[in-house]
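*Asks:*
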Amino acid sequence: MQKEKQRVEIIFINLGEETSVTVRKNDGVSGNAVEKENDVRSYEDTEEKEHSPSFAKEVSKYEVDEQVDYFLNEYKVAKNHKDLLLRAIFKEKEDFLSLYNALNGTNYTDAEKLEITTLENAVYMSVQNDVSFVFLSELYMIEHQSTVNPNMPLRNLTYISNVLSKITAKEDIYGSKQIKLPTPRFIVLYNGTKQTEEKTVLKLSDAYEKKMVEPELELITTVLNINEGYNEKLKSACKLLRDYMTLITKIREKQKTMDLQQATYQAIAECIREDVLKDFLMKHRAEVIAMMLYDFDMEKHIESEKAYEYERGREDMEKDMEKTLVSRWWKKGKNIEEIVEDLGKPEQYVKTLLGNL
513 MQKEKQRVEI IFINLGEETS VTVRKNDGVS GNAVEKENDV RSYEDTEEKE HSPSFAKEVS
573 KYEVDEQVDY FLNEYKVAKN HKDLLLRAIF KEKEDFLSLY NALNGTNYTD AEKLEITTLE
633 NAVYMSVQND VSFVFLSELY MIEHQSTVNP NMPLRNLTYI SNVLSKITAK EDIYGSKQIK
693 LPTPRFIVLY NGTKQTEEKT VLKLSDAYEK KMVEPELELI TTVLNINEGY NEKLKSACKL
753 LRDYMTLITK IREKQKTMDL QQATYQAIAE CIREDVLKDF LMKHRAEVIA MMLYDFDMEK
813 HIESEKAYEY ERGREDMEKD MEKTLVSRWW KKGKNIEEIV EDLGKPEQYV KTLLGNL
């Protein structure tokens, strides 16, 4: 006699969110079978899975974790990935055109007239630019920054040199005919946690030791703050940019109560449900998590380098001051023992300072 089948509700704890899934089992099935089912945790709720063929194959948390580790290792080995997420999102000509329209308040639709000129495979943290394209004789160099960097004009000088070399590769720069160039525009999209103005203008000439009224070489970079509450009109005009910042904002909010990886998991799940970068996140979930972890590691690396340089500079300054004091006391006739007592440092250290005078 066939045993009666019954519906069993299993609640998956999905990275801090409850997801209800209905399964069928026989009366004779042991609790171990249910436990095995409970090991498989999906990132989307049942309704999304039932209505989307993309979820035909269920991906467990453990599989995604393995993929995250793989991509994170790839990024670290390659050492040429910077601000990965924005570069990954803006891929198609239509995406760049949308950004152009948002920056200029226009409504152009012919994306085929746009040429993508983004530098690829450039040197790590040196000459790799995020996004660049030519449209209507304008060359846009667009960078994303999560830290304040006053050296962006200098970096852009390197970027534009490489991009123009790429554009004019087939031209004779030594010929008598003038080569026409697209007009460069330099934009930085800033979304770091340090408070900044809505718009900041940086000039290469700001770094010149000798100031000139009209410097012979100038490069102006416009920094636009795209954090919540800033440049909302710009983000409203470009859905990809708005969605990107929605994801980043969600991650930051969740990171207040959990680690970055967990925060990214949950933020991605929310964005998919809310149709924010849905297709992209469904396809590249593991890569996005790895990108966030990698960029976060790079930020920590940069901050630690800054701290190290500051500490080293402070120590060098202290040593110079001590050297000056030792020299002054020595010239006034103090002996080694007196200087050691006054300086409060070991005798060998004082002798080393005296030996370097």
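FYI, the numbering for the sequence shown is 513 to 869, going by the working numbering. The C-beta atom is built at its ideal place from N, Cα and C for all residues, glycine as well.
#1: How is residue 794 classed by DSSP in three states: helix, strand or coil?
#2: If you count every other CB in all the chains shown that lies within 10 Å of the CB of residue 744, and 16 or more means buried, which is it?
#3: Using CA atoms only, rank isn't needed, just tell me which of 687, 830, 752 and 847 is closest to residue 790.
#4: Whole angstroms are fine: how far does the CA of residue 700 sit from the CA of residue 765?
#5: Between the Cα of residue 725 and the Cα atoms of 859, 654 and 717, which residue gives the shortest distance?
#6: At which residues does the beta strand (DSSP E) containing residue 608 begin and terminate?
#7: Could you give the first and the last residue of the continuous beta strand (DSSP E) run that contains residue 788?
#8: Consult DSSP for residue 653 and reduce its assignment to one of helix, strand or coil.
#9: Answer yes or no: do residue 738 and residue 713 have a C-beta to C-beta separation smaller than 8 Å?
#10: Grouping DSSP H, G and I as helix and E and B as strand, with all else coil, what is residue 594?
#11: Would DSSP call residue 710 helix, strand or coil?
#12: On the DSSP letters alone, give me the boundaries of the alpha helix (DSSP H) that residue 679 sits inside.
#13: Quick test of the definition: if touching needs 3 or more C-beta pairs under 8 Å, does the region 674 to 692 touch the region 599 to 617?
#14: Name the DSSP beta bridge partners of residue 644, please?
#15: Using a threshold of 8 Å, state whether the C-beta atoms of residue 735 and residue 702 are closer than that.
#16: Under a three-way DSSP split, which group does residue 834 fall into?
#17: Please tell me whether residue 672 and residue 645 are closer than 8 Å, where the distance is taken between their beta carbons.
#18: What is the DSSP secondary structure of residue 701, reduced to helix, strand or coil?
#19: Looking at the unbroken alpha helix (DSSP H) that takes in residue 734, where does it start and where does it end?
#20: Mapping DSSP to helix, strand and coil, what is residue 695?
#21: To the nearest whole angstrom, what separates the beta carbons of residue 641 and residue 630, a pair I think is in contact under 8 Å?
#22: So what does DSSP say about residue 627, is it helix, strand or coil?
#23: Pull up the distance between the alpha-carbon of residue 678 and that of residue 655, whole angstroms please.
#24: Where do the N-terminal and C-terminal ends of the alpha helix (DSSP H) with residue 860 fall, by residue?
#25: So, under 8 Å CB-CB, residue 696 and residue 653 are touching, yes? Tell me the CB distance rounded to an integer number of Å.
#26: Using C-beta distances below 8 Å, list every residue in its chain close to residue 852, excluding the 5 sequence neighbours before and after it, in chain order.
#27: Out of curiosity, what's the CA-to-CA distance linking residue 804 and residue 597?
#28: Below 6 Å CB to CB, which residues in the same chain sit around residue 763 once its five sequence neighbours on both sides are set aside?
#29: By DSSP, does residue 715 sit in helix, in strand, or in coil?
#30: Output the distance between the C-alpha atoms of residue 721 and residue 843, rounded to the nearest integer angstrom.
#31: Quick one: Cα of residue 750 to Cα of residue 740, how far?
#32: How would you call residue 793, buried or exposed, if buried means at least 16 neighbouring beta carbons within 10 angstroms?
#33: Would the beta-carbon of residue 855 fall within 8 Å of that of residue 834?
#34: Going by the beta-carbon positions, is the gap between residue 663 and residue 698 smaller than 8 Å?
#35: For residue 852, name the three-state secondary structure that DSSP assigns.
*Replies:* Checking against the coordinates, here is how it stands:
#1: helix
#2: exposed
#3: 752
#4: 24 Å
#5: It is 717 whose Cα lies nearest to the Cα of residue 725.
#6: That residue, residue 608, is in no beta strand (DSSP E); its alpha helix (DSSP H) goes 605 to 616.
#7: Here residue 788 belongs to no beta strand (DSSP E), and DSSP marks it neither H nor E.
#8: strand
#9: Not closer than 8 Å, so no.
#10: Annotation note: pLDDT 44 at residue 594 (below 50); position unreliable, coordinate value reported separately. Here residue 594 sits in coil by DSSP.
#11: coil
#12: Segment 664 to 679, the alpha helix (DSSP H) holding residue 679.
#13: no
#14: Residue 644 pairs with 653.
#15: yes
#16: helix
#17: no
#18: strand
#19: Counting along the chain, residue 734 falls outside any alpha helix (DSSP H), though it belongs to the beta strand (DSSP E) covering 732 to 737.
#20: strand
#21: 6 Å
#22: strand
#23: For residue 678 and residue 655, the distance between alpha carbons rounds to 18 Å.
#24: Element bounds for residue 860: 859 to 867.
#25: 6 Å
#26: 858, 859 and 862
#27: Looking at the backbone, the Cα of residue 804 and that of residue 597 are separated by about 8 Å.
#28: 775, 776 and 779
#29: strand
#30: 37 Å
#31: The straight-line gap from Cα to Cα measures roughly 15 Å.
#32: Buried is the call here.
#33: yes
#34: no
#35: helix
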